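K.L.:
There are 4 protein chains.
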Amino acid sequence: MLYFMNDYSEGAHEKVLNALIKTNMEQHVGYGVDDITNEAIALLKKRINKPDADVHFLITGTQTNTIAIAHFLRPYEAVIATDHGHISVHETGAIEATGHKIIEMESKDGVLTTEMIDAAILKHADEHWVLPKMVYISNATETGTIYTKSMLEDIRKACDKYGLYLYLDGARLANALTCADNDMTIEDVASLTDAFTIGGTKNGILFGEALVITNNRLKEHMRFSIKQRGALLAKGRLLGVQFRALFEEDLYFEIAKHTNEMATILKNGILDLGYELVTNPSTNLIFTILPNGVHDRLSKHCYYEAEHPYDENNMEARFVTSWATPKEDVLELLRLLKEFKAN
Amino acid sequence: MLYFMNDYSEGAHEKVLNALIKTNMEQHVGYGVDDITNEAIALLKKRINKPDADVHFLITGTQTNTIAIAHFLRPYEAVIATDHGHISVHETGAIEATGHKIIEMESKDGVLTTEMIDAAILKHADEHWVLPKMVYISNATETGTIYTKSMLEDIRKACDKYGLYLYLDGARLANALTCADNDMTIEDVASLTDAFTIGGTKNGILFGEALVITNNRLKEHMRFSIKQRGALLAKGRLLGVQFRALFEEDLYFEIAKHTNEMATILKNGILDLGYELVTNPSTNLIFTILPNGVHDRLSKHCYYEAEHPYDENNMEARFVTSWATPKEDVLELLRLLKEFKAN
Amino acid sequence: MLYFMNDYSEGAHEKVLNALIKTNMEQHVGYGVDDITNEAIALLKKRINKPDADVHFLITGTQTNTIAIAHFLRPYEAVIATDHGHISVHETGAIEATGHKIIEMESKDGVLTTEMIDAAILKHADEHWVLPKMVYISNATETGTIYTKSMLEDIRKACDKYGLYLYLDGARLANALTCADNDMTIEDVASLTDAFTIGGTKNGILFGEALVITNNRLKEHMRFSIKQRGALLAKGRLLGVQFRALFEEDLYFEIAKHTNEMATILKNGILDLGYELVTNPSTNLIFTILPNGVHDRLSKHCYYEAEHPYDENNMEARFVTSWATPKEDVLELLRLLKEFKAN
Amino acid sequence: MLYFMNDYSEGAHEKVLNALIKTNMEQHVGYGVDDITNEAIALLKKRINKPDADVHFLITGTQTNTIAIAHFLRPYEAVIATDHGHISVHETGAIEATGHKIIEMESKDGVLTTEMIDAAILKHADEHWVLPKMVYISNATETGTIYTKSMLEDIRKACDKYGLYLYLDGARLANALTCADNDMTIEDVASLTDAFTIGGTKNGILFGEALVITNNRLKEHMRFSIKQRGALLAKGRLLGVQFRALFEEDLYFEIAKHTNEMATILKNGILDLGYELVTNPSTNLIFTILPNGVHDRLSKHCYYEAEHPYDENNMEARFVTSWATPKEDVLELLRLLKEFKAN
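Quick note, the sequences are listed as chains V, S, A and C, same order.
Note that our numbering has the first sequence beginning at 1, numbered continuously upward.
Note that our numbering has the second sequence beginning at 1, numbered continuously upward.
Note that our numbering has the third sequence beginning at 1, numbered continuously upward.
Note that our numbering has the fourth sequence beginning at 1, numbered continuously upward.
Right, here's the structure in full:
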């Protein structure tokens, strides 16, 4: 079976795994205050050019978003996000479970615009409404699209105008920053946001998200929130080891480049074969319209997500490439798509 | 100045006030387990024809919604409501503050349809999403419209199909059930919902909402939730006295009839004068499009809400009648609307 | 039957009731931004000599404590209180329900000492513990004892030393400040705390607690929290009317003086009769050890709390005087206590 | 440097690490519904002899306790625990952060007795108090002591009497069940509790706690809670791989036996040298009273926790053995303790 299900189907990239093996019997203090973690933090701060940032390594994406938002906001403050936002739909109400409303703005392609921010602010007049205080965006978005630098700058301006924090969910940040349509650096991201995350789980490590906080007002006592929400890993050095491996030689971006290359071959191949895409992704999520007959046959040879019918005659299929996707698998998938389309 | 600001601008209806005065020096046990409260509960249960219902008297509407919903739901369960729902927009995120997401469905006139319920259910596939478990509707709605009996029956069926509780916010229930377009009784409401509220604050008493629970699964330990959320009034008999006054001679519905009559005169008068309405209300909230020139002059003679511009040339004004609105005030308002329109 | 059950058995003091009657048909804007409420706030700020304080009128004591504490603290911050504290035991976990731990320190008489604060701080070493950030005390305490000015000054110093907010629950503040053992003024209380409450419910009004915030850091956006927690009364002027009545001629303190006088007569009489007290109260809560035989007979003539056996042969009875307690009732109670003791 | 700091200083036991390496490039579905996880669950259910139990693999101990307790309880329900309980003191108020009060009962050695349960129940009279609904115990306890079978049976009876759930935190369950003083099996634990955890992090794996639920009433929709609290690991198979390794050949108990053997040698050696212990542990936490002079010298050769002074002249030191502790390190530590004591 081919496997285009997601970008977290395998374990860790070889270099990351080797780093874990190599350090396995070292003795370190617990809870992420060990030397390796400190090294990883230093590497990361250097790479984003923010020597004063606070960096915390957390375990899962939902956990990271939850802890950050719950830590940053007062009880009556709310987050503006799109209705595709991971926090809006795919985290089982984790943000609301900490007491905060998400103001969900309708978006076709998962991108948040400044018009949406304006509209959300306008509507929330007084103390009978929640107080909008944060903008949440994902880059890459949940539909595979990305923000350009000017888009991010505009959002930053809107946030400054209204006194909002800007938080960027970077679960697939590496993919965004290494794709062909991108014009931003990770330093730009660090400069334009108040806090952002650097996703590891979907980019070649066993697990791990780095939470980077650049706004001084948001930093204090974060470790209390991390512990309280169950995210302080006893063997915290596991996160340090993995992020050190990602950032000591820019492996973080190399991995994503491969992922994107595989996605580009796949996307172009799919379009060449005459299939339609649901969105026009820049990164590694290819939402494709598959005739039911093709889906019936393909699903016997390949794993991929196809939860929702697109219409009566078609399925919406999601193909995802990853750091572990071999080129031959992409080509074989295209071959199958060609074969099944012809019949 | 005329006063069409809202239906809670004055204190209490004369009969309610007199009941408070008369019982003032009586000595009663605290926290709502006194004899008067018990009498009021008995009257109310008889009136709704639900001898086995649990009835609790609470203080404010937001408090009542919050306590009920937080008591009924498990942490990962969510409420389906319209984007006009009082809990969606006008309670400062009170529901989310207890940990529950509101799934907001777009609605033009504040009415929730079974199609919206279907759509919400379809979307929430698995444990990565919140679990829809309750439908919240308001009758009358926040725009002054109402549910007919068949509409409520359909929603009940949809709830049964999907295993959802049906909760009806009756902050203005009296208005809904006494208006010309209504075909339901309060017994119908009690039979078709799992829990509902009978609003007092907007219908002639100082403060108070009755929470009625007919579904046995939702009843247990409610007084713990009431106390925990700060809603157990020490002098609980104040609520008993007021609701006894409302229900010992059907004053509850008489009051609303007057309110609706005043609203009907006003609405018809406004339409006769050639003004347009934003919605077509059945009850006492008349959202009217006022040319800016009219608004400028009228607002010097009358209090009413006019927060949002309707467009460049018009304001959206909300006129509300109440138990305390004299007919002459309605006529005077119409006279002013006529005069200012002519110029 | 005599009635020494509590200090909230009747409605409102005559002057308060008359104020409500007099203003009943006035039209005011809702939610506590009306002129009467503003007058009441001005009177109160003048009386406590804190022109810059923020004052909010809330409805119940549990509600007030919950809203204040949830508004003041960050998610990982905790409150230090005695194990008698109203928030510790008698609010159904309301504070924990907002996410905050109460660090309960054992206290014989309900009074918190600086040694307890020291001990609590010492124990909470790092981010594996909650962060103590507030001290909660009640004056009068839940056992009827009070704080002297030097005790409060010492607690203030301890709070300053450790960076803690000092919050004083004044549900029975009037009783504390008018009793024979008191040496503080309400201005002292306002100067030595960061926030405190002025209880009305137990001192002659229908309902109402004033929350006074003097620390600027704690003020912002409080109305959002009040609304979110369901405490923004539509007819907010009801609170304004009552507090204006309490503070326009110092009725607040006059009422409490009477309560305390009745308590003093009762306490001295009880001691003269040879009964023992459980604590040595300064105010209106008289915890008395009643032989079972006396309790059996007395409870047929008088209502009072007697929930817990003191030992095999005795009950712990709580007699409470109030603004509405006539002297003849106190004397009659003493007569019965004498009569039943003799037999 | 010697290392007796804790039992999570190294990575994973060789067999566990090898299992991770071997499965690294396998492709599996995410979020813990993969085949390996299912195998691990089957092995575990067989080992505890509970074919109908629900088993979930979670990441950290605080996370597991939080999710379980928040899932099991209604908002007003509380947990009874000792004042040494991990949830009481060492989880930054995580339980309170989900809204639930912990009723902390004073305990000398971390063991909860039925008398404490009786006392807690007696005190919580009505809806003004939280409702006790769960008993939380740890085995081994936080001081290294354990429960015998008859102690656990008595607690079970008390729980049945009062309608309480019994939850056992097994962060160090392996140590408890393999120590010399133990007379219980893991089947006993599964039969006598409603839910319990099987700790992996402190017993040789990288991370992971198994939550076992045997009470049917507590099972429903647990995966929603797990996802909502950020604990659903994308590469969930990592937990499956590790727990499969622990339970396919009883490695889980072999590891703990070694840990306990090392602890026994250390404990006996310490006592032989004439040092005093703070408690009398059965497992691998040896709280020892070290004269300040000894501590000053020893801490240059060995890592161990010594946060609190025992008295003016002594430190309280905690020595912890683990699966990775070589016997020679224990002997060297004893040699140093002997040498420094002599001088």
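We put the beta carbon where it would ideally sit given N, CA and C, even for glycine.
Values in this document were obtained by computation on a predicted structure and should not be read as measured data.
Which residues in the same chain as H295(A) place their Cβ atom closer than 7 Å to its Cβ, once the five residues preceding and following it in sequence are excluded?
P.N.:
A306, M315 and A317
K.L.:
Contact defined as beta carbons within less than 8 Å: I believe T197(S) pairs with A180(S). What is the distance between those atoms, to the nearest angstrom?
P.N.:
About 23 Å; that fails the 8 Å criterion.
K.L.:
Rounded to a whole number of angstroms, what is the C-alpha to C-alpha distance between A68(C) and I48(C)?
P.N.:
19 Å
K.L.:
Would you mind working out which of Y303(C), A42(C), I186(C) and R223(C) sits nearest T321(C), comparing C-alpha positions?
P.N.:
Comparing Cα positions, the closest option is Y303(C).
K.L.:
With 8 Å as the threshold, decide whether the Cβ of L131(C) is near any Cβ in chain S.
P.N.:
At least one beta carbon of chain S lies nearer than 8 Å to the beta carbon of L131(C).
K.L.:
Please confirm if the stretch 252-272 of chain C is in contact with the stretch 86-96 of chain V, defined as three or more CB-CB distances below 8 Å between the two stretches.
P.N.:
Because the criterion of three Cβ pairs below 8 Å is not met, the stretch 252-272 of chain C and the stretch 86-96 of chain V do not touch.
K.L.:
Does DSSP put R318(S) in a helix, a strand or coil?
P.N.:
strand
K.L.:
Under 7 Å Cβ to Cβ from D329(C), same chain only, skipping five residues before and after it: list those, please.
P.N.:
For D329(C), where only same-chain residues beyond five positions count, the Cβ hits under 7 Å are L2.
K.L.:
Any chance you could list the alpha helix (DSSP H) runs of at least 4 consecutive residues sitting entirely within the stretch 88-174 of chain C, in chain order?
P.N.:
Within the stretch 88-174 of chain C, the complete alpha helix (DSSP H) segments of 4 residues or longer fall at 94-97, 114-123 and 149-162, listed in chain order.
K.L.:
Using the C-alpha atoms, what's the distance from I286(S) back to K149(S)?
P.N.:
23 Å
K.L.:
Are the Cβ atoms of F319(S) and T279(S) separated by less than 8 Å?
P.N.:
no
K.L.:
Is the Cβ of G93(V) closer than 8 Å to any Cβ of chain C?
P.N.:
yes
K.L.:
Quick check: what's the CA-CA separation for Y147(C) versus N284(A)?
P.N.:
47 Å
K.L.:
Which same chain residues end up closer than 6 Å to M116(C) when comparing Cβ atoms and leaving out the 5 residues on each side of it in sequence?
P.N.:
M105
K.L.:
Please state if the CB of A176(V) and the CB of N182(V) are separated by a distance shorter than 8 Å.
P.N.:
yes
K.L.:
Taking only three categories from DSSP, how would you classify T283(A)?
P.N.:
coil
K.L.:
Could I get the ranges of all uninterrupted alpha helix (DSSP H) runs contained in the stretch 14-97 of chain S, with 4 residues as the minimum, in chain order?
P.N.:
Entirely contained in the stretch 14-97 of chain S, the alpha helix (DSSP H) runs reaching 4 residues are, in chain order, 14-22, 35-47, 61-72, 86-89 and 94-97.
K.L.:
Using a Cβ-Cβ cut-off of less than 8 Å, list which residues of the stretch 17-38 of chain S approach chain A; keep chain order.
P.N.:
L17, L20, I21, T23, N24, M25, E26, Q27, H28, V29 and G30
K.L.:
Does the distance from the C-beta atom of P75(S) to that of A70(C) stay below 8 Å?
P.N.:
Yes; because the gap between Cβ atoms is below 8 Å, this pair is in contact.
K.L.:
Just confirm the distance between the C-beta atoms of A53(S) and I213(S), as a whole number of angstroms; I'd bet it's less than 8 Å.
P.N.:
6 Å
K.L.:
Taking V135(A) and L112(A) to be in contact with their CB atoms under 8 Å, please state how far apart those CB atoms are, rounded to whole angstroms.
P.N.:
So it is a contact: roughly 7 Å between Cβ atoms.
K.L.:
Determine the DSSP secondary structure at T197(A), reduced to helix, strand or coil.
P.N.:
Three-state DSSP puts T197(A) in a strand.
K.L.:
Go through its chain and collect everything with a Cβ distance to K202(V)'s Cβ below 7 Å, but skip five positions before and after it.
P.N.:
D7, Y8, A171 and R172
K.L.:
Grouping DSSP H, G and I as helix and E and B as strand, with all else coil, what is A345(C)?
P.N.:
This structure leaves residue 345(C) out entirely; chain C is present only between 1 and 343.
K.L.:
For Y165(V), collect the residues of the same chain with a Cβ closer than 8 Å to its Cβ; drop the 5 residues on either side in sequence, then sort them by chain order.
P.N.:
F72, K133, M134, V135, C159, D194, A195, N215 and L218
K.L.:
Going along chain V, which residues have a C-beta under 8 Å from Y8(C)?
P.N.:
In chain order: G30, A234 and K235.
K.L.:
Can the beta-carbon of Q242(V) be found less than 8 Å from the beta-carbon of A78(V)?
P.N.:
No, they are not a contact pair.
K.L.:
In angstroms with no decimal places, state the Cα-to-Cα distance between L232(S) and S138(S).
P.N.:
24 Å
K.L.:
Quick check: L238(S) and A245(S), are their CB atoms within less than 8 Å of each other?
P.N.:
no
K.L.:
So is Y165(C) in contact with chain S if we call contact Cβ pairs under 8 Å?
P.N.:
no
K.L.:
Under 8 Å by Cβ, that's how I've got A234(V) and Y31(V) pegged, so tell me the actual separation to the nearest angstrom.
P.N.:
7 Å
K.L.:
Give me the chain V residues within the contact set of Y76(A), using Cβ-Cβ distance strictly less than 7 Å, ordered along the chain.
P.N.:
H221, F224, S225 and Q228
K.L.:
Run through DSSP, which three-state label would L290(A) get?
P.N.:
The answer is strand: DSSP assigns L290(A) an E or B state.
K.L.:
For L277(S), which beta-bridge partners are listed by DSSP?
P.N.:
Answer is T288(S).
K.L.:
How many whole angstroms separate the CB atoms of G204(C) and W323(C), which I take to be in contact at a CB cut-off of 8 Å?
P.N.:
The beta-carbon separation of G204(C) and W323(C), rounded to 4 Å, stays under the 8 Å limit for a contact.
K.L.:
Indicate whether at least one CB of chain A lies closer than 8 Å to the CB of K46(C).
P.N.:
Residue-level contact by beta carbon fails for K46(C) and chain A, as no gap is shorter than 8 Å.
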